[in-house]
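Contents: one structure, followed by commentary.
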Amino acid sequence: MDIDGMHNVRDLGGVPIPGGETARGVVLRGETPVNLTALGAEQIRARGVRHVLDLREPDERAIDGDGHLAPDFQRSNPLHECVPLARSTIEDDPIGRVCAADVVADRYCSYLQNGSFRLAEALSRSAWSTSTLYVHCAVGKDRTGVVSALLLKLAGAHDDSVIDDHLLTADRVRPVLMRLGARAAYAHLAEPDWAAQQPSADAMGLFLGHLRAQGGARAWMLHHAADGETVDRLSARLQGERVAARTAS
Numbered sequence: 025m026d027i028d029g030m031h032n033v034r035d036l037g038g039v040p041i042p043g044g045e046t047a048r049g050v051v052l053r054g055e056t057p058v059n060l061t062a063l064g065a066e067q068i069r070a071r072g073v074r075h076v077l078d079l080r081e082p083d084e085r086a087i088d089g090d091g092h093l094a095p096d097f098q099r100s101n102p103l104h105e106c107v108p109l110a111r112s113t114i115e116d117d118p119i120g121r122v123c124a125a126d127v128v129a130d131r132y133c134s135y136l137q138n139g140s141f142r143l144a145e146a147l148s149r150s151a152w153s154t155s156t157l158y159v160h161c162a163v164g165k166d167r168t169g170v171v172s173a174l175l176l177k178l179a180g181a182h183d184d185s186v187i188d189d190h191l192l193t194a195d196r197v198r199p200v201l202m203r204l205g206a207r208a209a210y211a212h213l214a215e216p217d218w219a220a221q222q223p224s225a226d227a228m229g230l231f232l233g234h235l236r237a238q239g240g241a242r243a244w245m246l247h248h249a250a251d252g253e254t255v256d257r258l259s260a261r262l263q264g265e266r267v268a269a270r271t272a273s
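Here this note's numbering is used: the sequence shown runs in plain steps of one and ends on residue 273.
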């Protein structure tokens with residue numbers, strides 16, 4: 025997706041699901057919006073983004089800020105929700121420093137556990153909207169990948185399709201990390217372990233297996249206080265079925 029200043033933004037639409045593919049314009053996933061230029065911010069607005077789900081830690085955001093979208097967030101247009109998933113300082117997160125698929129998958133599981141009710145609530149809000157949700161962390165790879173995987177499973181995507189989407193980030197990691205490493209919030213990424221920073225098919229596959237063992241994406245949402253009608257509406261939106269908004273969006 026061509027958004028000025030960004031290297032790793034894409035639509036979750038177009039992923040194969042039984043009977044078709046996921047809908048475009050419902051969810052965008054990507055890197056921190058701090059990388060947006062003024063033109064890029066206009067392009068994001070023009071794509072109908074009225075809800076931003078920020079998965080960064082408080083220390084990341086406090087140091088790195090929100091870039092050109094900061095005034096918009098202050099006006100709640102788009103609505104900006106912060107749901108930190110790491111529950112650690114960003115330097116202490118093992119992601120990006122280890123290659124072992126089981127370690128990465130366990131960390132992905134902890135992201136989902138840390139998101140808990142706040143994550144389910146934020147995603148539920150999108151079920152009753154007609155606007156576009158932008159989900160991001162810093163790189164748009166791991167924390168964003170976990171939430172994207174949850175959404176794709178809600179849409180009915182098979183594991184292979186979820187993994188294929190996850191791996192699309194591989195060619196986009198380097199330019200994003202090079203920019204992040206030059207900023208104070210991510211100084212620890214100035215000399216990254218490039219191998220450990222690559223998205224792993226094995227790690228995502230293990231994570232999806234853990235999610236399945238818990239009953240799957242729908243069961244996870246229901247367990248975290250989302251009601252059945254809302255989960256069904258979110259799945260329908262992701263699948264491309266037109267749904268009416270409960271409130272103006």
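Quick reminder that beta carbons are idealized off the backbone N, C-alpha and C, glycines included. Note that the structure is a prediction, hence the values are computed from the model and not measured.
Buried or exposed, going by whether 16 or more other CB atoms sit within 10 Å of the CB of residue i?
i	result
residue 104	buried
residue 113	exposed
residue 278	Look at the range of the chain in this structure, 25 to 273, and you will see that residue 278 is not part of it.
residue 100	exposed
residue 211	exposed
residue 231	buried
residue 87	exposed
residue 70	exposed
residue 81	buried
residue 272	Reliability of the predicted coordinates at residue 272 is poor, the pLDDT of 37 falling under 50, and the value obtained from them is presented with this limitation in mind. With fewer than 16 Cβ atoms within 10 Å of its Cβ, residue 272 is classed as exposed.
residue 93	buried
residue 157	buried
residue 268	Because residue 268 carries a pLDDT of 47, less than 50, the predicted location of this residue cannot be relied on, and the following value inherits that uncertainty. Classification for residue 268: exposed.
residue 29	buried
residue 27	buried
Out of the options, point me to the one whose CA is closest to residue i's CA.
i	options	result
residue 199	162, 239, 76, 139	162
residue 180	39, 127, 244, 139	39
residue 51	36, 65, 64, 42	36
residue 236	73, 177, 77	177
residue 154	26, 48, 171	48
residue 219	254, 195, 132	195
residue 263	42, 27, 26	42
residue 89	250, 192, 57, 127	57
residue 129	175, 244, 225, 255	225
Opposite residue i in the DSSP bridges: which residues?
i	result
residue 34	53
residue 223	Residue 223 is not bridged to any residue.
residue 40	45
residue 106	78
residue 73	156
Check this for me: beta carbons of residue i and residue j, under 8 Å apart or not?
i	j	result
residue 79	residue 109	yes
residue 203	residue 59	yes
residue 168	residue 53	yes
residue 209	residue 190	no
For residue i, verify whether its CB is less than 7 Å away from any heavy atom of the ligand FMN.
i	result
residue 66	In terms of ligand content, the structure shown is empty, and the ligand FMN therefore cannot be addressed.
### Task
Can you check the segment 156-233 for any beta strand (DSSP E) of at least 3 residues that lies completely inside it and give the ranges in chain order?
Counting whole runs of 3 or more residues, the segment 156-233 contains the beta strand (DSSP E) stretches 156-160.
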